[in-house]
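Visitor: Quick one: the structure is below, and I'll ask about it shortly.
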Amino acid sequence: MKKVVFLLLCVALTLSAADRVAGLGSGSGATAFQKGTYTIVSSFDPDLPSSAYGMAIQDNATDRLWIASWGDVTTYEFDMSTGFATGNTWEITNSIDGDDMAWCEYTAGAQFVIGDYTFSNIGVWDASGSWLKALAGPASFSNVFPVAIGHDMFYTDRSGEMAWGSYTGTESAITWTVVTSPVPSSYGMAVWGDYLFLCNGEIGTDNLFIFAINGDGSVNLTPLWSAEFTEVVDGANGAIDYDGTYLYVYPQNDFVYTLDIDWTGAL
1 MKKVVFLLLC VALTLSAADR VAGLGSGSGA TAFQKGTYTI VSSFDPDLPS SAYGMAIQDN
61 ATDRLWIASW GDVTTYEFDM STGFATGNTW EITNSIDGDD MAWCEYTAGA QFVIGDYTFS
121 NIGVWDASGS WLKALAGPAS FSNVFPVAIG HDMFYTDRSG EMAWGSYTGT ESAITWTVVT
181 SPVPSSYGMA VWGDYLFLCN GEIGTDNLFI FAINGDGSVN LTPLWSAEFT EVVDGANGAI
241 DYDGTYLYVY PQNDFVYTLD IDWTGAL
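Heads up: the sequence shown at position 120 corresponds to 120 in the numbering used here, and the numbers run straight through without jumps.
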């Protein structure tokens, strides 16, 4: 049964074979301009039939959120206002071992992208879930955990390296710029406006971050805001997204948490 919970939840989970673990990398905890806090507005249990990781808000539809379940290679749509599944699904095809997920609307049509846990590869589908293409990830990456699209760019981060490249929806390949990541063991990413959101599985330190995206699409590596997500024992080891009002965090195989954050910047 789906549950919408309107109070702060502390869910203690132990690491299991159903959890995917990011590489530790060489980054260190970044110092933000603003050390932030959050308040939980609500949460819901997706209650999926198998292990899940990625999450993406479909911005052109009201209260629509998708979760990628790698255990049964299926994506599931949810109504964000109720926490209930809508019944809409599509299959993660072409042997993509799905991890993080992102959505963006382009001139030629909206796209979903999902990172590949097996190797440095990214799957791309149209708004209906029909396969479009595969994109090679950065050559130095052994696989692709977090993915984010928007700002005419593609962003990812793995094992102490952050990467980005121009992407407007039509490219068959991405020329990647790879830099040392300011954040270790990253799991989730999202783009909203001129900002990049990132979460990781660090414990006892900040694991939610907001970075500014520069005019050329590169990332200012000093975070504007950061906070420690403490609702589960493994930190924010899953997906993140933002809808213009609230921050959404989905630790893998857990609840989807709606957070009201205290950074008032340009958000």
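Just so you know, even glycine gets a beta-carbon here, dropped at the ideal spot from N, CA and C. Note that the structure is predicted; figures quoted are calculated from it, not measured.
Just to confirm the assignment: which complete beta strand (DSSP E) runs, minimum length 3, are found wholly within the region 58-146?
Guide: Those beta strand (DSSP E) runs which fall completely within the region 58-146 and span 3+ residues are 64-69, 74-79, 85-91, 98-106, 109-116, 121-126, 131-136.
Visitor: In this structure, does DSSP put asparagine 253 in helix, strand or coil?
Guide: The answer is coil: DSSP assigns asparagine 253 none of H, G, I, E or B.
Visitor: Tell me the DSSP secondary structure of valine 21 in three-state form.
Guide: DSSP places valine 21 in coil when its eight states are reduced to three.
Visitor: Could you have a look at serine 159 and say whether DSSP puts it in helix, strand or coil?
Guide: In the structure shown, serine 159 sits in coil (DSSP, three-state: anything other than H, G, I, E or B).
Visitor: Which residue wins for smallest C-alpha separation from tyrosine 187, given the options Phe78, Asp260, Asp79, Ile240?
Guide: Of the candidates Phe78, Asp260, Asp79, Ile240, the one whose C-alpha sits nearest the C-alpha of tyrosine 187 is Ile240.
Visitor: Within a Cβ cutoff of 6 Å, which residues of the same chain sit near threonine 39, ignoring the five residues on either side of it in sequence?
Guide: Excluding sequence neighbours, threonine 39 sits near Asp260.
Visitor: State the CB to CB distance for the pair serine 142 and phenylalanine 119, rounded to an integer number of angstroms; the pair is presumed to be in contact (CB under 8 Å).
Guide: So it is a contact: roughly 7 Å between Cβ atoms.
Visitor: State whether the region 147-161 contacts the region 95-112, with contact taken as three or more CB pairs (one from each stretch) at a distance under 8 Å.
Guide: Yes, they touch.
Visitor: Is any heavy atom in the ligand PLP found nearer than 7 Å to the beta carbon of alanine 236?
Guide: The ligand PLP is not part of this structure, which contains no ligands at all.
Visitor: Find the nearest neighbour of alanine 18 within the set Pro49, Gly169, Thr222, judged by alpha-carbon distance.
Guide: For alanine 18, the nearest C-alpha among the options comes from Pro49.
Visitor: What does a CB cutoff of less than 8 Å around leucine 224 pick up in its chain, not counting 5 residues either side in sequence?
Guide: The residues are Ala32, Phe33, Gln34, Tyr195, Ile210, Phe211, Ala212, Trp263, Gly265.
Visitor: With DSSP as the reference, please indicate the residues paired to phenylalanine 33 in a beta bridge.
Guide: BP columns for phenylalanine 33 are empty, so no partner.
Visitor: I need the DSSP call for tyrosine 187, collapsed to helix, strand or coil.
Guide: DSSP places tyrosine 187 in strand when its eight states are reduced to three.
Visitor: By DSSP's criteria, glycine 150 is part of a beta bridge. Which residues make up the other side?
Guide: Partner(s): Met153.
Visitor: How long is the line joining the alpha carbons of threonine 205 and valine 233, rounded to whole angstroms?
Guide: Approximately 12 Å, taken between the alpha carbons.
Visitor: Helix or strand or just coil, what does DSSP make of glycine 238?
Guide: Glycine 238 falls in the strand class under three-state DSSP.
Visitor: With a CB to CB cut of under 7 Å and the five nearest residues on each side skipped, what residues in its chain are close to serine 81?
Guide: If we look at serine 81 and ignore the five residues flanking it on each side, its Cβ neighbours are Asp63.
Visitor: Give the straight-line distance between the Cα atoms of isoleucine 174 and serine 166, rounded to the nearest whole angstrom.
Guide: Cα-Cα distance, rounded: 7 Å.
Visitor: Which one of Asp152, Met162, Asn207, Met153 has the shortest CA to CA distance from alanine 139?
Guide: Of the listed residues, the one whose Cα sits closest to alanine 139 is Met162.
Visitor: Excluding the 5 residues preceding and the 5 following alanine 110 in the sequence, name in chain order all residues of the same chain whose CB lies nearer than 6 Å to its CB.
Guide: Closer than 6 Å at the Cβ level, and outside the excluded window around alanine 110, lie Ala127.
Visitor: In terms of DSSP beta bridges, what is isoleucine 40 paired with?
Guide: Isoleucine 40 is bridged to Leu259.
Visitor: If you reduce the DSSP assignment to three classes, tell me which class tryptophan 164 lands in.
Guide: It is a strand residue.
Visitor: For threonine 177 versus valine 41, is the C-beta distance shorter than 8 Å?
Guide: No; because the gap between Cβ atoms is not below 8 Å, this pair is not in contact.
Visitor: Using the beta-carbon count (16 or more within 10 Å), is alanine 236 buried or exposed?
Guide: Classification for alanine 236: buried.
Visitor: Pull up the distance between the alpha-carbon of serine 69 and that of lysine 133, whole angstroms please.
Guide: Between serine 69 and lysine 133, the C-alpha separation is close to 20 Å.
Visitor: What does a CB cutoff of less than 6 Å around tryptophan 192 pick up in its chain, not counting 5 residues either side in sequence?
Guide: The answer, listed in chain order, is Tyr242.
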